[in-house]
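Structure first, then comments.
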Amino acid sequence: MTEVSPPDVILLRSAEDPDPYVHALADVGFRGVCQPVLDFNFPADEILLDRLQHPAEYGGVIATSPRAAWALRRVFDTSGTLHAEWEGMPVYVAGPKTADRFRDLGFDVHGADTGSAEELLSLLTDAEPSSSLLFLAGNRRREVLPDGLQDAGISFEEEIVYETHPRADLTLPPSDGETWLVFYSPSGLEALYASEITNVSEYLIAAIGPTTAAELHDAGLEVDAVASVPSPEGVVDAVVGAAGSAV
Numbered sequence: 152m153t154e155v156s157p158p159d160v161i162l163l164r165s166a167e168d169p170d171p172y173v174h175a176l177a178d179v180g181f182r183g184v185c186q187p188v189l190d191f192n193f194p195a196d197e198i199l200l201d202r203l204q205h206p207a208e209y210g211g212v213i214a215t216s217p218r219a220a221w222a223l224r225r226v227f228d229t230s231g232t233l234h235a236e237w238e239g240m241p242v243y244v245a246g247p248k249t250a251d252r253f254r255d256l257g258f259d260v261h262g263a264d265t266g267s268a269e270e271l272l273s274l275l276t277d278a279e280p281s282s283s284l285l286f287l288a289g290n291r292r293r294e295v296l297p298d299g300l301q302d303a304g305i306s307f308e309e310e311i312v313y314e315t316h317p318r319a320d321l322t323l324p325p326s327d328g329e330t331w332l333v334f335y336s337p338s339g340l341e342a343l344y345a346s347e348i349t350n351v352s353e354y355l356i357a358a359i360g361p362t363t364a365a366e367l368h369d370a371g372l373e374v375d376a377v378a379s380v381p382s383p384e385g386v387v388d389a390v391v392g393a394a395g396s397a398v
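The numbering of the sequence shown is this note's numbering, which starts it at 152 and goes up by one.
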């Protein structure tokens, strides 16, 4: 049986098909693999269904993650004509991935070019919605949006429609001493702890950005590369640059 060599880069994220990070790494001769670090569940289908029965009460939806769209789709798929009643409703999102998921559901998307809760809050403040907004949140959301909305006098109703938990069964491909681990959020570190993985020092460490890098530093890990832009190109440039400087 042929022995499979370790990957060059382990991406601590769920894979897409095709995956842009794996593709960008392949373009420069690196073999990348995705290793999901999070589990998700949707605890509020019945509560969400009850809220969705009254679209006239809302002036729009707020969402900061594609998983909010998944939660909606789960309910729409089992509720007859309810989906049609929400088509064309404004949705205020953070980022292009969330925007794409809500476009697929027929919403009127605003905020595809925002990349953070702070930028989304600015968009919402400028929009001055006249009716209450339905905020589809996760259990790990920050206080930036709810606090900012309250300060701006924007009416909203929040519902936790998805929960995120670090995996406790994470395994890593072995390192050959030059294998990279790319962290996309502190959740990757939480999953390593939950799975009792203790050989992290055998890997080179990269972070998607300075916030994640700071969390890794605080945990006592040496960060070898930080992406200047949170994108496939940013990760590739950071890894290739660090690998080249080590030669």
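All residues carry an ideal CB built from backbone N, CA and C; glycine is no exception. Note that the structure is predicted; figures quoted are calculated from it, not measured.
State yes or no: is the C-beta of residue i within less than 8 Å of the C-beta of residue j?
i, j, result
"A222", "V312", "yes"
"I161", "L332", "yes"
"E353", "G328", "yes"
"E269", "V295", "yes"
"D159", "T330", "yes"
"A378", "A389", "yes"
Could you name the residues of the same chain whose beta carbon sits closer than 8 Å to that of residue i, not counting the 5 residues immediately before and after it, in chain order?
i, result
"S165", "C185, P187, L189"
"G392", "A376"
"P247", "A263, D264"
"Q204", "L233"
"A250", "V244, V260, G262, A263"
"T276", "G299, A303, I305"
"H399", "Examination of residue 399 is not possible in this model, given that the chain is present from 152 through 398 alone."
"E310", "A195, I198, L199, R202, L285, F286, L287, A288"
"F307", "I213, S283, L284, L285, F286, P297, L300"
Ends of the beta strand (DSSP E) at residue i?
i, result
"M286", "Residue identity differs from the one stated: residue 286 is Phe in this sequence, not Met. F286 -> beta strand (DSSP E) spans 284-289."
"I198", "Segment 196-203 is the alpha helix (DSSP H) holding I198; no beta strand (DSSP E) there."
"F307", "307-317"
"V160", "160-163"
Which stretch, first to last residue, makes up the alpha helix (DSSP H) that contains residue i?
i, result
"E238", "It is not in any alpha helix (DSSP H) - E238 carries neither H nor E in the DSSP assignment."
"T276", "268-278"
"G339", "337-345"
"F227", "217-227"
"F253", "247-255"
Can you tell me whether DSSP reads residue i as helix, strand or coil?
i, result
"I359", "coil"
"V398", "Reliability fails at V398, whose pLDDT of 43 lies under 50, so the model's placement of it is uncertain and no value is given."
"P187", "coil"
"G392", "helix"
"V295", "helix"
"V333", "strand"
"L176", "helix"
"V380", "coil"
"G371", "coil"
"P324", "coil"
"E208", "helix"
"D259", "strand"
"A303", "coil"
"A214", "strand"
Out of the options, point me to the one whose CA is closest to residue i's CA.
i, options, result
"S216", "L163, L284, N290, I348", "N290"
"P280", "P158, P324, I305, L256", "I305"
"F334", "R293, E308, P383", "P383"
"S346", "E236, Y172, D320", "D320"
"V380", "P361, F193, H368, I356", "P361"
"G239", "P206, E269, A219, L271", "P206"
"R252", "G299, I198, D277, A219", "A219"
"G395", "V179, G183, L163", "V179"
Apart from the five residues on each side of it in sequence, which residues of its chain come closer than 6 Å, Cβ to Cβ, to residue i?
i, result
"H316", "D190"
"G266", "G246"
"I359", "Y335, A378, P381"
Can you give me the Cβ contacts of residue i inside the same chain, cut-off strictly under 7 Å, excluding the 5 residues immediately before and after it?
i, result
"E341", "P317"
"L200", "V226, S230"
"E366", "P337, L340"
"G211", "M240, P241, V242, Y243, P280, L284"
Is there at least one non-hydrogen atom of the ligand COA closer than 7 Å to the beta-carbon of residue i?
i, result
"F191", "Ligands in the displayed structure: none, and consequently the ligand COA is not present."
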